[in-house]
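Residue numbering for the sequence shown follows the working numbering, starting at 67 and increasing by one per position.
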Amino acid sequence: MRLTVIEGERAVRLLLVEDDRELAHALADALDRRGFSSDLAHGFDDAEQMLRCAQYAALILDLGLPDGDGIALIRLLRGRKDPLPIIVATARDSIGERITGLDAGADDYLVKPFDVDELAARLGAVLRRQGSFMGARLELANLALDTQSGDLFVDGAHVLLSSRERQLIELLLRRAGHVVSKQLAEDQLFGMTEPVGSNAVEVYVHRLRRKLQATSAAVRIEAIRGVGYLIRRAQ
Ligand code: CA
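#1: Regarding LEU211 and ligand 1, is the C-beta to nearest heavy atom distance less than 8 Å?
#2: Any chance you could list the alpha helix (DSSP H) runs of at least 4 consecutive residues sitting entirely within the stretch 132-220, in chain order?
#3: Hey, is ASP128 close to ligand 1, as in C-beta under 8 Å from one of its heavy atoms?
#4: Can you give me the Cβ contacts of GLU288 inside the same chain, cut-off strictly under 6 Å, excluding the 5 residues immediately before and after it?
#5: Determine the direct distance from the alpha carbon of ARG195 to that of LEU209, and round the result to whole angstroms.
#6: Starting from ASP105 and walking both ways along the beta strand (DSSP E), at which residues does that stretch end?
#7: Consider the C-beta atom of GLU236 and the heavy atoms of ligand 1; say whether any pair is separated by less than 8 Å.
#8: Quick check: does the Cβ of GLU163 come within less than 8 Å of any heavy atom belonging to ligand 1?
#9: With DSSP run on the structure shown, which of helix, strand or coil describes ALA120?
#10: Have a look at ASP148 and PRO261 and give me their C-alpha separation to the nearest angstrom.
#11: Tell me where the alpha helix (DSSP H) around LEU93 begins and ends.
#12: Hey, ALA120 and ILE153 are a contact pair by Cβ (cut 8 Å); roughly how many whole angstroms apart?
#13: Less than 8 Å between the CB of ALA157 and some heavy atom of ligand 1, yes or no?
#14: Say the cut is 8 Å; is the CB of ALA84 nearer than that to a heavy atom of ligand 1?
#15: DSSP puts HIS224 in a beta bridge; with which residues?
#16: Who are the near neighbours of ASP105 in its chain, counting only those whose CB is closer than 8 Å to its CB and skipping five residues on each side?
#17: Leaving out five residues on either side along the sequence, give the residues of the same chain with a beta carbon under 7 Å from the beta carbon of LEU139.
#18: Counting Cβ pairs closer than 8 Å, one from the stretch 168-176 and one from the stretch 210-217, do we hit at least three?
#19: For LEU226, does the count of other Cβ atoms within 10 angstroms reach 16, so buried, or fall short, so exposed?
#20: What's the gap between the Cα of PRO179 and the Cα of ALA157?
#21: Whole angstroms are fine: how far does the CA of GLN301 sit from the CA of ALA19?
#22: Given a threshold of 16 other Cβ atoms within 10 Å of its Cβ, counted over all protein chains shown, does GLY145 qualify as buried or as exposed?
As structure tokens, this is what we get:
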């Protein structure tokens with residue numbers, strides 16, 4: 067099954083700092099499938115240079131780097147008041163090390179090995195919190211979502227949504243043309259801790275489809291069996 071039809075998509079650009087090249091590439095591929103495009107840096111100096119040259123939506127940072135410590139990079143960024151969202155992804159798993167990372171200014175802390183869906187969900191949360199996804203307006207065909215206010219428009223007409231319907235359409239639009247896994251949708255809609263019924267996401271997909279069908283929305287929400295959902299332009 068091929069799932070790579072993209073149209074009008076604006077990927078979120080990340081800097082992924084990881085000296086284990088194999089892991090870095092695997093992670094970048096997995097994130098790419100979730101709508102995040104990554105630049106790779108394999109050391110402290112590379113990362114610092116890339117951060118000077120390019121704008122990123124977020125930084126995913128390994129701490130043990132061959133030419134420096136990731137914590138120092140966090141301190142450097144925060145020292146110059148850079149608000150870039152930072153998620154630490156490291157093998158350092160003690161409470162003390164977590165506290166050090168968060169105290170230095172990381173927004174979140176993941177211990178290896180971690181699940182890519184969890185990283186993607188945390189990225190989404192951090193980016194939403196900081197309002198720093200690329201652009202506050204997400205558009206696909208005649209649909210436009212103002213991510214600040216949460217207002218959805220079809221051909222300029224407002225569509226009233228519940229808060230979970232809004233979260234769902236935002237998640238789908240951010241990865242327009244890419245499959246959003248059911249697991250990720252559950253995490254984003256219901257949080258990591260709340261127990262979720264097995265068809266909870268389906269219920270919201272169904273409601274959202276109904277609302278969109280009642281408008282002239284030129285998009286389709288497709289279910290990919292056993293995988294998840296994707297939104298695309300209607301043909
Ligand atoms: Ca490392």
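For glycine and all other residues, C-beta sits at the position ideal for the given N, C-alpha and C.
Concretely, from the data shown:
#1: no
#2: 136-145, 161-170 and 182-196
#3: yes
#4: LEU296
#5: 23 Å
#6: 102-107
#7: no
#8: no
#9: coil
#10: 36 Å
#11: 87-98
#12: Incorrect: roughly 18 Å between the Cβ atoms, too far for contact.
#13: yes
#14: Correcting the residue identity first, residue 84 is Glu in this sequence and not Ala. Result yes, Cβ under 8 Å from ligand 1.
#15: PHE219
#16: ARG79, LEU80, LEU81, LEU82, MET116, ALA120 and TYR122
#17: PHE110, ALA113, GLU114 and LEU127
#18: no
#19: exposed
#20: 7 Å
#21: In the structure as shown, the chain begins at 67 and stops at 301. Residue 19 is therefore absent and cannot be evaluated.
#22: exposed
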